[in-house]
């Protein structure tokens, strides 16, 4: 076949063939545009019997009774694959009854008669009869995690295995995942030196946390160990060589599997020893350079390790305790969405305390600036953990890792995880200190990704194509945009969200797309579907409702970025909606804002720095800065139009929005979309703008937007990249680092006692920026900083007298300037060190009404017997005349009124925004306290 013809066919996947008499489809697919493979039987001349072998509930072409009988006979000849976990050393072994050419999903893959005969001949040939699974021991894969100087290529796997498993990462001594044997445990608990109160295990944990925190590599670690060893007394147990240091951590890792694929067509190679790619249309010789692999870290083993940690099982019961104390009509977490409720209703699987569900994410991250090498981690989080705990790196599961110069083929990448979730769906043996031995079932509930990754996952057209919306089947249209064109979605007044997609539509369109490909049609995609997606085969997974709309990429990096471009781009300054001429005034207002400590980045210039803005800066602008700095600059019509978007996103991000509030937010977004074309231009009504009409449904389905956004996953991508210390063995560096991080809670529980000086030191290394708490005033409220005695001013004393309803015996009181209150930080305006931040604004209740103010300082009333242990905030009151619980930004005015507010009456801290040159000030409320910035 000519090389140019191969290139043409490769764009559509390795399926096309000019002369094919009989086609059968195999579930194990391996290319991007059409996520299924074809097997060609050249010997059968029957053109009428085309079989698509997928799940029975998906679709099957008609077959005769004789065909069915033949298939049953062939299935009996196919050998079965068994994965057996031995209790003593957690080895995995492959039991092959007849051949090495076995199916990984026998219910979805069909063998032609010739295939079965070949496998029988292979099993009779001792030179060709190889184990499909080979175990290797390695004790030095910690090397790459800590050193960039190692030049040796590390061999985790033998050369004769098809699917390879390294079981040295996590050499468990029991069936349920205890990581240490008794000898190692005894060594860990020995004192660091004679008479020391610090054990060897505790010291090794501290030193490794320190090295990870400060990115020390091999030479730095060795020098640090030698310095410490030099000052320790004789007889110490501290290792002084990198070899000993690495060896200490060799048992902390998880088992990993290595899956091979063809570099040309990206099809998965079931038998690693084949010399030619088995896929028609490819047939490349599989030299060393033509074959790559990706890594699977079995989800079941990671789940078992997490369950084995002290207290983990109890944390999973959060969903039951929260449902008892909150209104069922509010959306506080993913468990409040109707998709999760489907798993709990009528004694569903997630109504059982031992069962769990996952949210997954995958996205590419470039490794080096000088090359195209990127990593594509597959992350999973356990939805039953409280939100902050589930997003912690030690509780997040790294299920797989694709790395190299090419983007992954999702059918190839997801193939082994389908097997894992079938096991998880049936239940796995787990152990918990609180529960003992039990069987836990796990389900893939939903996934989140940006638009390009979502298209790959779902095997759909790109976001700039027809029918590219994953929630509905609106085709869209092409509109002229400058010198080119853009695919847009005009607002359809009669049916803005329809016709809606459903799982049945997707399956039917997938079948039709495959039929188009078989007929060599010019257009293969049907309603935006290019073929089946592997996600349709995951047990109970809903490929429509289970694919979330990510507000980070869609709303912030999509719509908000677009709006700033429309208003301030020099290329659009002649447009009627442009306010480019006012960009200097807007920048002046923006950069005069003093955000709270919740916002990690200070406001940056639109004119000079907009191209460098991160997603969290777009979020801060949308939710807090935009309306204050645009008021008086943007015309009233467009200002009110944009305010619809601001208020809607605030509601959808809110922790505890009611159903009525969600409906109100949906009406805001519908109105925003309906007027967008009129106020701007149809060429800007891209998919991101269109998706706003589906955003409220995403909350109803999966809970508040932050529970299924990419923010936390993107943060973990950056964390993975920091684990790469050199250009060799990138995958092993990442996996070793992640394995250690996952074990940290277990090691900390074993070696460090809560509340001790060693625990304080550990926390100071792990989180050096955590504020030091002082005296606890009441449950959840702590004094920060020093307490000083002062004489109150006349205004402060008058406010105190009004609060007490009597005059205190003196005007000399204990005062302080800062408190921590239920994850809220409130700093008085008299705290002199706050120059670029302002944490003084509060929302409080007074006589049953919601009020706002700015705290000056706090007063403790110890000297007044009737009010002992009472703390009040001396506050300058702000007047709010347009308060609405649906609005996140409220205009306020300063007053001359001061008031003493009991801290128990403070509802929450807020952000006070008073742009330079503006006559109006604003109070900005945070939609939730859970989402990290």
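In the UniProt record's numbering, the protein residues as written are 1 to 933. The beta-carbon is built from N, C-alpha and C at its ideal position, and this holds for glycine as well. Only a predicted model underlies this, so the values are computations on that prediction, with no experimental measurement involved.
Distance check for residue j and residue i, CA to CA, integer angstroms please.
| i | j | result |
| --- | --- | --- |
| residue 98 | residue 199 | Reliability of the predicted coordinates at residue 98 is poor, the pLDDT of 32 falling under 50, and the value obtained from them is presented with this limitation in mind. Taking the straight line joining both Cα atoms gives about 53 Å. |
| residue 518 | residue 400 | 32 Å |
| residue 790 | residue 759 | 36 Å |
| residue 138 | residue 735 | A caution first: residue 138 carries a pLDDT of 35, below 50, which makes its placement in the model unreliable, though a value can still be read off. In a straight line, the C-alpha of residue 138 is about 14 Å away from that of residue 735. |
| residue 511 | residue 671 | 37 Å |
| residue 356 | residue 334 | 13 Å |
| residue 641 | residue 668 | 9 Å |
| residue 803 | residue 656 | 32 Å |
| residue 414 | residue 298 | 12 Å |
| residue 402 | residue 543 | 22 Å |
| residue 554 | residue 658 | 23 Å |
| residue 855 | residue 597 | 16 Å |
| residue 918 | residue 840 | 20 Å |
| residue 848 | residue 716 | 44 Å |
| residue 478 | residue 448 | 27 Å |
| residue 274 | residue 361 | 32 Å |
| residue 561 | residue 661 | 26 Å |
| residue 350 | residue 422 | 16 Å |
| residue 420 | residue 348 | 21 Å |
| residue 784 | residue 527 | 59 Å |
What does the Cβ neighbour count give for residue i, buried or exposed, with the cut at 16 atoms within 10 Å?
| i | result |
| --- | --- |
| residue 260 | buried |
| residue 881 | exposed |
| residue 929 | exposed |
| residue 489 | buried |
| residue 329 | exposed |
| residue 285 | exposed |
| residue 812 | exposed |
| residue 776 | exposed |
| residue 509 | buried |
| residue 459 | buried |
| residue 771 | exposed |
| residue 780 | exposed |
| residue 903 | buried |
| residue 231 | exposed |
| residue 409 | buried |
| residue 934 | For the chain, the structure presents residues 1 to 933; residue 934 sits outside this window and is missing. |
| residue 453 | buried |
| residue 809 | exposed |
Under the DSSP definition of a beta bridge, which residues are partnered with residue i?
| i | result |
| --- | --- |
| residue 484 | 481 |
| residue 362 | 378 |
| residue 191 | 199 |
| residue 877 | 853 |
| residue 269 | 260 |
| residue 908 | 843 |
| residue 735 | Per DSSP, none; premise fails for residue 735. |
Just to confirm the assignment, what range does the alpha helix (DSSP H) spanning residue i have?
| i | result |
| --- | --- |
| residue 374 | No alpha helix (DSSP H) contains residue 374, which is instead part of the beta strand (DSSP E) from 374-382. |
| residue 315 | 312-315 |
| residue 630 | 626-630 |
| residue 774 | Not the alpha helix (DSSP H): residue 774 falls in the beta strand (DSSP E), residues 773-778. |
| residue 436 | That residue, residue 436, is in no alpha helix (DSSP H); its beta strand (DSSP E) goes 436-440. |
| residue 718 | 711-722 |
| residue 643 | 636-653 |
| residue 246 | 242-248 |
| residue 339 | 338-342 |
| residue 228 | 218-231 |
| residue 500 | Premise fails: residue 500 is in no alpha helix (DSSP H) and is neither H nor E. |
| residue 675 | 659-679 |
Just reading off the beta strand (DSSP E) that residue i is part of, what are its end residues?
| i | result |
| --- | --- |
| residue 432 | 428-432 |
| residue 902 | 889-902 |
| residue 856 | 849-860 |
| residue 936 | Residue 936 cannot be examined here, being either before or after the span of the chain that is shown, 1 to 933. |
| residue 398 | 397-404 |
Length-filtered (4 minimum) alpha helix (DSSP H) runs lying within the region 588-622: Listed in chain order, they are 606-609 and 615-620.
Segments of 3+ residues assigned as beta strand (DSSP E) that fall wholly inside the region 762-841: 773-778, 781-784, 788-791, 812-816, 818-821 and 824-827
Complete runs of the beta strand (DSSP E) confined to the region 520-592 [at least 3 residues]: Complete beta strand (DSSP E) runs here, min 3: none at all.
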